[in-house]
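Visitor: The sequence shown begins at 44 in the working numbering and counts up one residue at a time. Beta carbons are placed, not taken as given, at the ideal position from N, Cα and C, and that holds for glycine. Got a structure for you, written out below as structure tokens; questions coming shortly.
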Amino acid sequence: MSDDTPKPAASDIWGGRFSAGPSEVMQAINASVDIDQRLFEQDIDGSLAHARMLSACGVISSADADAICTGLEAVRADIRAGRFVWKAELEDVHMNIEAALREKIGAAAGRLHTARSRNDQVATDFRLWLREALSAAIEGLTQYQKALLAQADAHADWVMPGFTHLQTAQPVSLGHHLLCWIEAAERDKGRLADCRARLNESPLGAAALAGTAFPIDRGQTAAALGFDRPMANSLDAVSARDFALEALAAAAICAVNLSRFAEEIVLWSSRRFGFAQLTDAFSTGSSIMPQKRNPDAAELVRAKPGRIAGALQGLILVCKGLPLAYSKDLQEDKSLVFTAFDDLALAISAMAGMASDLSFNRDALEAAAGEAFSDATDLADWLVRELNLPFREAHHVAGSAVKAAEDAGVNLSELPLEAYQAIEPRIHDGLFAVLSARASMESRLSYGGTAPVRVREQIDGWASRL
Ligand code: ARG
């Protein structure tokens, strides 16, 4: 750049020791306002609490505090109404709002930043935002659980194949299967709530990193913003982002749980399974194959862990090895968390929608439940109970019976008694009572088991908890 090239002006906000403004690329890499403008409500709430506290502590006059608060509400109204022009040269949401405040109320705006820094300000805003996002996710999961519960209630005694290794294993109740995802969602809610409780401490007043010489009351701003207490260490207050990592970890685990049921919806609605279908509201067509009904929403939920766990990985690497206290690296936290929680909110809503929308095919489920010798364990259990065989031996006898049935091309219930007696002479025709998918399901009465009586108890429990 030659000396006669006009230079951009230094920042009004921090440019006192500068004679020129940043280069274009400096501004491009530095500005975060495109992303962090999403924090404007929290930023204004934090500033209102800070201004009132400064006045209560005698740090600024009550007239200045009043002007600041009125001005901030006017800025908020402009932003909400879409009248606000965000400026990249003002870097971020904090300086955009402060500059707008100055335009509204003049010099008094300059007193707002007393005993505060953008470092504690952004940490405060971000915790407030995440607190809301976590609450919204928890509420969304409750709606999803309610949708699952209604389906579990309607299908408590429908029999379907249970799988291990995606191979037919033992018959289970459809209601039981659906209740499994209510349990998982409850743990996800617990993780999100734990994270919310742990992050609910106020960084405000930590200032740049060391605290402040002004006689502020951090307890007052903490209380005004709904935090449980002020953070005890000013360095920690401005540099900690483990709250965001924890939120992303909880979100990633939740997304993984959602993706597993999403995958089952994809499988169940395929012609090969034929267990269930989604209505038009949750299906899409193909631009070339007129017959297609695709479960795109379920597939996209299945994909979300890629993005959300990717955000977790991204922020973990941003934070790794950062020395105390604040470094600009931390500005990269917000886009990752915002997109991850947008993805999570959508995934939860889509799963709640699909959970209600699904309809099930009773005959296909029951037929599949009876296939592939799914009652072989019931045969072995019967041998243990009736003939007092050790389970290992019973397993062997039942295995031989499966082989004989397979060779004859029949189910276990269709294999003649003589064929059983050729394997184990003491077998009698009482055996046939346990050889059906329904009998198998109904027999599993252990606590947490799939017998419809047990499933009903769980449904009743969830109905009162939700
Ligand atoms: N935009 C910044 C962020 O998101 C705010 C804090 C900037 N602090 C600083 N000293 N430059 O992290």
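Pair every Cβ in the stretch 141 to 154 with every Cβ in the stretch 168 to 175, then say whether three or more of these pairs are closer than 8 Å.
Guide: no
Visitor: Am I right that VAL136 and LEU82 are in contact with their C-beta atoms under 8 Å? What's the rounded C-beta distance?
Guide: With a beta-carbon spacing of about 5 Å, VAL136 and LEU82 fall inside the 8 Å limit used to define contacts.
Visitor: Could you give the residue range of the beta strand (DSSP E) that holds THR211?
Guide: Membership of THR211 in the beta strand (DSSP E) is indicated by the continuous run 210 to 216.
Visitor: With a Cβ-Cβ cutoff of 8 Å, do MET394 and PHE304 count as a contact?
Guide: yes
Visitor: From the DSSP output, which residues share a beta bridge with VAL202?
Guide: SER216
Visitor: LEU426 and CYS362: beta carbons closer than 8 Å?
Guide: no
Visitor: Count Cβ pairs between the stretch 157 to 172 and the stretch 83 to 96 that sit closer than 8 Å; are there 3 or more?
Guide: yes
Visitor: Could you tell me how far apart the beta carbons of PRO204 and ALA411 are, in whole angstroms, since I believe they sit closer than 8 Å?
Guide: 5 Å
Visitor: Which same chain residues end up closer than 7 Å to ALA280 when comparing Cβ atoms and leaving out the 5 residues on each side of it in sequence?
Guide: ASP163, ALA166, PRO246, ALA249, MET274
Visitor: Within 10 angstroms of the Cβ of TYR490, are there 16 or more other Cβ atoms? Answer buried if so, exposed if not.
Guide: exposed
Visitor: Between GLN85 and ligand 1, is the CB less than 7 Å from at least one heavy atom?
Guide: Flag unset: Cβ of GLN85 not near ligand 1.
Visitor: Any heavy atom of ligand 1 inside 7 Å of the beta-carbon of LYS189?
Guide: no
Visitor: Which residue comes first and which comes last in the alpha helix (DSSP H) that contains PRO495?
Guide: 495 to 508
Visitor: Hey, is LEU133 close to ligand 1, as in C-beta under 7 Å from one of its heavy atoms?
Guide: no
Visitor: From the DSSP output, in three-state form, read off SER45 for me.
Guide: Low confidence applies here, because SER45 scores a pLDDT of 48, under 50, leaving its location unreliable and the question unanswered by this model.
Visitor: Are CYS238 and PHE286 touching if we call contact CB-CB under 8 Å?
Guide: yes
Visitor: Quick check on SER489: does DSSP put it in helix, strand or coil?
Guide: coil
Visitor: Buried or exposed: HIS208, going by 16 or more other Cβ atoms within 10 Å of its Cβ?
Guide: exposed
Visitor: Please classify ALA63 as buried or exposed, where buried requires at least 16 other C-beta atoms within 10 Å of its C-beta.
Guide: exposed
Visitor: Considering only residues of the same chain and omitting the five flanking positions on each side of ILE308, which have a CB-CB separation below 8 Å?
Guide: ALA319, LEU321, PRO338, ALA341, MET397, LEU401
Visitor: Do TYR463 and ALA444 have their C-beta atoms within less than 8 Å of each other?
Guide: Taking a C-beta distance under 8 Å as the contact criterion, TYR463 and ALA444 qualify as a contact pair.
Visitor: ILE103 to ARG154, Cα distance in whole Å?
Guide: 7 Å
Visitor: Using the C-alpha atoms, what's the distance from LEU191 back to ALA451?
Guide: 41 Å
Visitor: What residues are listed by DSSP as bridge partners for SER402?
Guide: GLN320
Visitor: Would you grab the beta carbon distance between ALA383 and LEU291 for me? Rounded to a whole angstrom, and I think it's under 8 Å.
Guide: Going by Cβ atoms, the distance from ALA383 to LEU291 rounds to 6 Å, so yes, they are a contact pair.
Visitor: In whole angstroms, what is the alpha-carbon distance linking LYS189 and LEU358?
Guide: 33 Å
Visitor: Between PHE434, GLU229, GLN70, GLY114, which lies nearest to ILE87 when the distance is taken from Cα to Cα?
Guide: GLY114
Visitor: For GLY254, which of GLY269, LEU278, ASN243, ARG234 has the nearest alpha-carbon?
Guide: Checking every option, the nearest Cα to that of GLY254 belongs to LEU278.
Visitor: What is the DSSP secondary structure of PRO433, reduced to helix, strand or coil?
Guide: coil
Visitor: Who are the Cβ neighbours of ALA390 in its own chain at under 7 Å, not counting the five residues just before and after it?
Guide: Correct list, in chain order: ALA298, LEU301, VAL344, LYS347.
Visitor: ARG469 by DSSP, collapsed to three states: which one?
Guide: ARG469 falls in the coil class under three-state DSSP.
Visitor: Please determine if the stretch 490 to 500 and the stretch 213 to 229 are in contact, where contact requires at least 3 C-beta pairs separated by less than 8 Å.
Guide: yes
Visitor: Taking buried to mean at least 16 other C-beta atoms within 10 Å of its own C-beta, is PRO433 buried or exposed?
Guide: exposed
Visitor: In three-state DSSP terms, what is ASN139?
Guide: helix
Visitor: Taking only the alpha-carbon atoms, compute the straight-line gap between PRO459 and ILE470 and give it to the nearest angstrom.
Guide: 11 Å
Visitor: Should SER45 go down as buried or exposed, given a rule of 16 or more other Cβ atoms within 10 Å for buried?
Guide: For SER45, the predicted model reports a pLDDT of 48, less than 50, meaning its position is unreliable; a value from the coordinates is still stated below. Classification of SER45: exposed, given that the 10 Å Cβ count is below 16.
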